[in-house]
Each structure stands twice: as structure tokens, then as C-alpha cells.
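Asker: Per the working numbering, residue 94 is the first one in the sequence shown, and the count goes up by one each step. Glycine included, every Cβ here is placed at the ideal spot set by N, Cα and C.
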Amino acid sequence: MIPWTTFIWAFLVGGAICAIGQIIMDVSKWTPGHVMVVLVVAGAILDGLGWYDPLIRFAGAGALVPITSFGNALVHGAMLEAHQHGWIGLITGIFEVTSAGISAAIIFAFLATLVAKPRG
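Shown next as C-alpha cells:
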């Protein structure tokens with residue numbers, strides 16, 4: 094059985110990550126795209142330093158769902174494959190770990206264009 098505090102920490106950590114993104118958008122004049130890049134790079138840096146995996150173990154989905162986990166996945170896959178295959182693993186590891194998510198995003202975006210009516 095999962096302790097109820099797991100849900101509380103997931104909510105608080107995930108909410109904090111999203112709040113940081115919202116604060117950046119409110120305080121700066123950055124677009125959502127800029128903020129997204131900052132959060133992905135922050136997740137990549139945290140994984141490179143070895144701090145994101147402990148955050149995932151602590152907060153669970155609170156750390157896995159926000160966009161920062163995409164940066165984590167990119168670096169994690171690249172480092173894992175680099176250890177196994179050398180320099181070429183830096184490139185192949187990125188695509189191996191994230192290809193399913195990227196493919197799903199492309200397919201669902203295409204399906205949404207078939208259903209939705211464009212504005213403007």
C-alpha cells in the first residue's frame with residue numbers, strides 16, 4: 094500500500110515546479126516557449142548533477158509529470174548509452190529514451206488537426 098504522504102509530496106513538488114514556471118512567465122516577458130526551454134534545461138542540469146533521480150524517488154509523479162522530466166530523460170538516456178556505446182551513444186540515447194513520447198505528441202497533434210477547426 095502506498096502511504097498517503099506520497100500523494101501530498103507529489104502534489105507539492107509538481108505544483109512547485111509549475112509555480113516556478115508560472116512565476117517566470119508573470120515576472121519576465123518570456124513566452125511560454127522560452128519558459129518551457131528553461132524548465133527542460135533545468136531538468137537536464139539536475140539530472141546531470143545526479144539530483145533529479147532522488148527527486149523522483151521522493152516525489153514520484155510530482156517530478157515525472159512536469160516538463161522538467163523531459164530534460165531528465167534526455168540526459169539520462171544520453172549518459173546511459175554513452176557509457177555503453179561511447180560518443181555515438183550520446184546521440185542515440187536521446188532518441189531511444191524519448192522517441193515514444195515524441196512520436197505520440199506528433200500523432201496526437203496530427204489527429205487534433207483533423208478534428209479541430211483552425212481559428213483566424
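Take V131 and list the residues in its own chain whose beta-carbon comes closer than 7 Å to its own, dropping the five residues that flank it on each side.
Answerer: Walking along the sequence shown from the start, residue 131 turns up at place 38. These residues qualify, in order along the chain: I117.
Asker: Quick check on the DSSP output: the alpha helix (DSSP H) that includes T206 runs from which residue to which?
Answerer: Taking the first residue of the sequence shown as position 1, residue 206 is located at position 113. Annotation for T206: the continuous alpha helix (DSSP H) segment containing it runs 180–208.
Asker: Considering only the beta carbon of each residue, do A156 and L148 sit closer than 8 Å?
Answerer: Walking along the sequence shown from the start, residue 156 turns up at place 63. Walking along the sequence shown from the start, residue 148 turns up at place 55. Yes, the pair counts as a contact, with Cβ atoms nearer than the cut-off.
Asker: At which residues does the alpha helix (DSSP H) containing W97 begin and terminate?
Answerer: Against the sequence shown, residue 97 aligns to sequence position 4. W97 -> alpha helix (DSSP H) spans 97–120.
Asker: Measure the CB-CB distance between A198 and G164 and report whether it falls below 8 Å.
Answerer: Along the sequence shown, one-based indexing puts residue 198 at 105. Along the sequence shown, one-based indexing puts residue 164 at 71. No, they are not a contact pair.
Asker: Specify the secondary structure class of V158 as computed by DSSP and reduced to three states.
Answerer: Counting from one through the sequence shown, the residue named residue 158 turns up at place 65. Residue state, collapsed to three classes: coil.
Asker: Indicate the three-state DSSP secondary structure (helix, strand or coil) for L167 in the structure shown.
Answerer: Looking up residue 167 in the sequence shown gives position 74. DSSP places L167 in helix when its eight states are reduced to three.
Asker: Quick check: the region 166–175 against the region 186–197, are there 3 or more CB pairs under 8 Å?
Answerer: yes
Asker: Buried or exposed: where does D140 fall if 16 or more other Cβ atoms within 10 Å of its Cβ makes it buried?
Answerer: Position 47 of the sequence shown, counted from the first residue, corresponds to residue 140. It is buried - the Cβ of D140 has at least 16 other Cβ atoms within 10 Å.
Asker: Taking G153 as the reference, which of I181, K122, G179, G107 has the closest Cα?
Answerer: Here residue 153 corresponds to residue number 60 of the sequence shown, with the count starting at 1. Among I181, K122, G179, G107, the Cα nearest to that of G153 belongs to G107.
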